[in-house]
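Novice: This is the structure I have questions about; it appears just below.
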Amino acid sequence: MENRHFRNGDNIKSILKQFALEYKINELLLDYSLSSYKTFLLKDSIDTNARTLIDNAEINSHIDTTYKIIQSYTIEILKRQSSFYPILIQLQSNENDTTLKALIYTQRIPQTNNIEKLIKQTILNICAYRGIIIGLGWNNINPDIIDIASKLRSNESHPEYYAINISQLLEPKIKSLAVKLIISKSNKITILSHDSLLLNGGFFKVSEGEVLLDYTKPIYDSPWRDIYGNIYGIGKAYPIGIEAGYGIRVEERDNKILYIADTNGYVSIVGKVMLISNTVTLDNINSKNIINIQEQEIDSLVVKNDNLTKDIISSGLSLNIDKLKIIGNIGAVNIISKDLFINGQVHIKSNIETQKASILHFKGKLKAKNAEIRYCENSFIECDDLLINYVNGSKLYFSRGKISRIQSNNTLFIQESLVVGNVVGKNNEFILNPCLYGEAKEELISLKNKIFNLNKLKGIFLSGNKLQYEHTKNQFLYEQLKAKHTDLIDSDLYDWNKNILNKQMQRLENSSKLLNEYNALMESFDKNNTIINETIRKKLEKMFDIQIIFENKCMVDFYIRFINFYGVEHRFHINASANNAIKRVTLSQGKEVDSIKILAIKNDND
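With the numbering used here, the residue at position 34 of the sequence shown is 47, and numbering never jumps.
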């Protein structure tokens, strides 16, 4: 994205998605800046092309018209430089969406000379993204922005946020209140309720034809408009607060508006839109709806929310769902999954176990078969195939890894290979060992335990010297008895002596048999030990196949650590600089038996 790219449209989210498809780039890598906008009166609610252009500066003269006001945007599409926005701003409105307020949070003070421009541009960007009509009933916000920017530059202590009152439209005067009832289910009983779990992030399985929302129309004293340009109190438009999305049809019956299921599936409310889908979609997971999720034993879930100031999955919760897609930030949670996607930040105390993971910004503990992470900080990861864009202050165990940018204070345990784009930080350590974690480590531990148990079992038996002594003693006694002159012994003593001789011969045979069996057992112990030790050695010799490849050469010092065949750990400091750039690192057998040396190679031809 070396050239500047501008696009036009009514929906910025759709513009970014289309651009990502066109240029085959991950949508998460894109950012935008509002360049200009046009304002229109929509004279036909169905035909969005039936619009009349009006002057942006004259927008407030059309507040009392009966037409919906919409805007079209020209944006510059940019490549996102960081997962963090330079300033954190949240826009809030009241229940009727007739007021608009900006909260400028002070936890992230921008490092720029033009804070005023940044604040205003960010407010405009958010308004355009959310479809809030820019300029509709707006106050002059420039003095407030200048005042807040001055406070942010000062060294004084700050509150959690500074507020700007952007817009104040006419509040509706109501003659007759609206009544809104939403489907609720408990123990297979279905009712329409004021406090349905759907309003707290829950969901229910519904069938085609079920009434999902029953809205009794209010009666207004006069028409009124919200910050999104909608006009109410005229025609069929009412501020239900929940739009009908996919799988739902809307019917009017007398003074009521009904939302009815048009298909089978799961109903939920996401971003003020009620929808039905085969995959459950929620805008948050909390202590209230977590039980709802667990009871229905779903295997696929989408959680999405654009609110960057709150975790959409609360801390302390545990989830076990096969396929989980999260768009937003999550707290300190425990997740077990098979296919996990997180477009947001993960809390440092999170614990995640999955087969496949794709995460925007990860902190915490992760165990996976395959993982792609854009920003990785202060993490502990075990993964067979690991792809990371940026890593800092983390401990990573992996078989095959590719890291674009390595910052500082990382410990990387490599079982097979690592490809590195750039090393820009200090105090990084690379450990080369084919049995560091997972199945390879378990196999090595199992083999070592077998040797330990064999040696322990071998020690339980009588020592060879004692068995040999018993055998020698029995043989000596037998030969002594056999040498006696039996012709000088009377018949009674002869029989007794003969019996003693036979018993001693039996003892000799038994001790010989026991000694032979013992010797055979010792041989089998030694043979098994030899086989196991050879297996262990072959596993450890795979260290010579491990490679670190620096695509752009490494010009920063780092450390290499390995464990030799006797379990002794060695750590070496590798000097690297612009004049001594390292292209590849591997281990090699030395000239002496069992010796190991490190090869830090400057060029592929070396």
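We treat Cβ as the ideally placed atom computed from N, Cα and C, and that holds for glycine.
It should be emphasised that the depicted structure is a prediction, and the values quoted were computed from it without experimental measurement.
Got a sec? Which residues, its chain only, sit under 7 Å from His498 by beta carbon, not counting five neighbours each side?
Specialist: Here residue 498 corresponds to residue number 485 of the sequence shown, with the count starting at 1. For His498, the predicted model reports a pLDDT of 48, less than 50, meaning its position is unreliable; a value from the coordinates is still stated below. Result list for His498: empty, nothing under 7 Å.
Novice: Along the chain, which unbroken stretches of the alpha helix (DSSP H) at least 4 residues long are found entirely within the region 253-332?
Specialist: Counting only runs of 4 or more, we get 302-309.
Novice: Using a Cβ-Cβ cutoff of less than 7 Å, which residues in the same chain neighbour Leu137 once the five nearest sequence positions on both sides are dropped?
Specialist: Counted from its first residue, the sequence shown places residue 137 at position 124. Excluding positions up to five away in sequence, the list reads Leu47 and Ile147.
Novice: Can you check whether the CB of Leu182 is closer than 8 Å to the CB of Asp239?
Specialist: In the sequence shown, the residue the question calls residue 239 occupies position 226. In the sequence shown, the residue the question calls residue 182 occupies position 169. In this structure, Leu182 lies closer than 8 Å to Asp239 by Cβ.
Novice: Would you call the CB atoms of Asn692 and Asn462 closer than 8 Å?
Specialist: The requested residue 692 is not part of the displayed model; the chain covers only 14 to 619.
Novice: What I want to know is whether the C-beta of His171 ends up closer than 7 Å to one or more non-hydrogen atoms of the ligand ADP.
Specialist: As presented, the structure is devoid of all ligands, the ligand ADP included, so that no description of it is given.
Novice: Could you give the DSSP three-state label for Ser27: helix, strand or coil?
Specialist: Here residue 27 refers to the residue found at position 14 of the sequence shown. Helix.
Novice: Tell me Asp398's beta-bridge partners as DSSP assigns them.
Specialist: By 1-based counting over the sequence shown, the position of residue 398 is 385. Its beta-bridge partners are Asn383 and Arg413.
Novice: Roughly how far, in whole angstroms, is the beta-carbon of Glu173 from the beta-carbon of Thr119, given that I think they are within contact range, below 8 Å?
Specialist: As a working note, residue 173 is residue 160 in the sequence shown. As a working note, residue 119 is residue 106 in the sequence shown. Going by Cβ atoms, the distance from Glu173 to Thr119 rounds to 7 Å, so yes, they are a contact pair.
Novice: Assuming Leu400 and Ile427 are in contact, meaning their beta carbons sit under 8 Å apart, how far apart are those beta carbons, in whole angstroms?
Specialist: For this step, residue 400 is matched to residue 387 along the sequence shown. For this step, residue 427 is matched to residue 414 along the sequence shown. Rounded, the Cβ-Cβ distance is 14 Å, inconsistent with contact.
Novice: Could you give the residue range of the alpha helix (DSSP H) that holds Asp157?
Specialist: As a working mapping, residue 157 is identified with position 144 in the sequence shown. It spans Asn155 to Arg166 - the alpha helix (DSSP H) in which Asp157 sits, taken as one unbroken run.
Novice: Tell me whether Phe578 sits in a helix, a strand or coil according to DSSP, three-state version.
Specialist: For this step, residue 578 is matched to residue 565 along the sequence shown. Coil at Phe578, not helix or strand.
Novice: Taking Ile128 as part of the alpha helix (DSSP H), name the residues at either end of that continuous run.
Specialist: For this step, residue 128 is matched to residue 115 along the sequence shown. It spans Ile128 to Arg143 - the alpha helix (DSSP H) in which Ile128 sits, taken as one unbroken run.
Novice: Can you tell me where the beta strand (DSSP E) with Thr367 in it begins and where it stops?
Specialist: Within the sequence shown, residue 367 is the residue found at index 354, counting from 1. Looking at the DSSP string, Thr367 is not in any beta strand (DSSP E), and its letter there is neither H nor E.
Novice: Which of the three DSSP states is assigned to Asp617 in this structure?
Specialist: As a first step, residue 617 is located in the sequence shown; it is residue number 604 there, counting from the start. Here Asp617 sits in coil by DSSP.
Novice: Does the Cβ of Ile334 have 16 or more other Cβ atoms within 10 Å, making it buried, or fewer, making it exposed?
Specialist: Here residue 334 is taken as the residue at index 321 of the sequence shown, counted from 1. By the neighbour-count rule (16 or more Cβ atoms within 10 Å), Ile334 is buried.
Novice: Should the region 205-213 be called in touch with the region 257-272, which here means at least 3 C-beta pairs below 8 Å?
Specialist: No: the two stretches stay apart, fewer than three of their Cβ pairs being nearer than 8 Å.
Novice: Let me know the secondary structure DSSP gives Thr119 once reduced to three states.
Specialist: Counting from one through the sequence shown, the residue named residue 119 turns up at place 106. Looking at Thr119 - three-state DSSP - the assignment turns out to be coil, as it is neither helix nor strand.
Novice: Any contact between the region 153-163 and the region 111-130? By contact I mean 3 or more CB pairs, one from each, below 8 Å.
Specialist: Yes, the region 153-163 touches the region 111-130.
Novice: Is Leu457 helix, strand or coil by DSSP?
Specialist: For this step, residue 457 is matched to residue 444 along the sequence shown. Correct three-state label for Leu457: helix.
Novice: Helix, strand or coil: how does DSSP classify Gly451 here?
Specialist: Within the sequence shown, the letter at position 438 stands for residue 451. Correct three-state label for Gly451: helix.
Novice: Excluding sequence positions up to five away, which residues of its chain have a Cβ less than 6 Å from the Cβ of Gly477?
Specialist: Locating residue 477 in the sequence shown gives position 464, where the first residue counts as 1. Because Gly477 sits at a pLDDT of 47, beneath the cut-off of 50, its placement in the model cannot be relied upon, and the following sentence gives the value as read from the coordinates. Closer than 6 Å at the Cβ level, and outside the excluded window around Gly477, lies no residue.
Novice: Taking C-alpha atoms, which residue in Ile561, Lys469, Ser608 and Met556 lies nearest to Tyr542?
Specialist: Here the question's residue 542 lines up with position 529 in the sequence shown. The question names Tyr, but residue 542 is Asn in the sequence shown. Nearest C-alpha to Asn542: Lys469.
Novice: Can you tell me where the beta strand (DSSP E) with Ala176 in it begins and where it stops?
Specialist: Stepping through the sequence shown from its first residue, residue 176 is reached at position 163. Run containing Ala176: Tyr174 to Gln181, per the beta strand (DSSP E) assignment.
Novice: Contact check, Ile339 vs Ile325 under 8 Å by CB: the rounded distance?
Specialist: To locate residue 339, count along the sequence shown from 1; it is residue 326. To locate residue 325, count along the sequence shown from 1; it is residue 312. Their Cβ separation, rounded to whole angstroms, is 7 Å, which keeps Ile339 and Ile325 in contact under 8 Å.
Novice: I'd like the list of long-range same chain contacts for Phe19, defined as Cβ closer than 8 Å, with 5 residues on each side in sequence excluded.
Specialist: Your numbering for residue 19 matches position 6 in the sequence shown. These residues qualify, in order along the chain: Ser48, Thr87, Ile88, Glu89 and Ile90.
Novice: Name, in chain order, the residues that DSSP records as bridge partners for Glu442.
Specialist: Sequence index remark: in the sequence shown, residue 442 carries index 429 (1-based). Thr424 and Tyr572, per the DSSP bridge assignment.
Novice: Taking only the alpha-carbon atoms, compute the straight-line gap between Gln124 and Leu425 and give it to the nearest angstrom.
Specialist: The residue labelled residue 124 in the question sits at position 111 within the sequence shown. The residue labelled residue 425 in the question sits at position 412 within the sequence shown. Going from the Cα of Gln124 to the Cα of Leu425 covers about 32 Å.
Novice: Output needed for Val359: all residues of its chain with C-beta closer than 7 Å, excluding positions within five of it in sequence on either side, in chain order.
Specialist: The count along the sequence shown starts at 1 and reaches residue 359 at position 346. Once the five neighbours on either side are set aside, the close Cβ partners of Val359 are Ile343, Ile372, His374, Phe375, Lys376 and Gly377.
Novice: Spatial neighbours of Asn616 within its chain, please: CB distance less than 8 Å, with the 5 preceding and 5 following residues excluded, ordered by chain position.
Specialist: Counting from 1 along the sequence shown, the entry for residue 616 is found at position 603. Once the five neighbours on either side are set aside, the close Cβ partners of Asn616 are Lys596.
Novice: Does the CB of Tyr174 have a neighbour CB from chain B at under 8 Å?
Specialist: The structure shown contains no chain B, having only a single protein chain.
Novice: Looking at Phe411 and Tyr572, is the spacing between their C-beta atoms short of 8 Å?
Specialist: As a working mapping, residue 572 is identified with position 559 in the sequence shown. As a working mapping, residue 411 is identified with position 398 in the sequence shown. Not in contact: Tyr572 and Phe411 (Cβ atoms no closer than 8 Å).
Novice: With a cut-off of 8 Å on the beta carbons, I'd call Lys369 and Leu353 a contact; round off their distance for me.
Specialist: For this step, residue 369 is matched to residue 356 along the sequence shown. For this step, residue 353 is matched to residue 340 along the sequence shown. Rounded, the Cβ-Cβ distance is 7 Å, consistent with contact.
Novice: I'd like to know if the region 383-393 and the region 404-421 are in contact, where contact means that at least 3 CB-CB pairs between them fall below 8 Å.
Specialist: A contact exists between the region 383-393 and the region 404-421.
Novice: Is the Cβ-Cβ distance between Tyr228 and Ile196 less than 8 Å?
Specialist: Position 215 of the sequence shown holds residue 228. Position 183 of the sequence shown holds residue 196. Against a cut-off of 8 Å, the Cβ pair of Ile196 and Tyr228 comes out as no contact.
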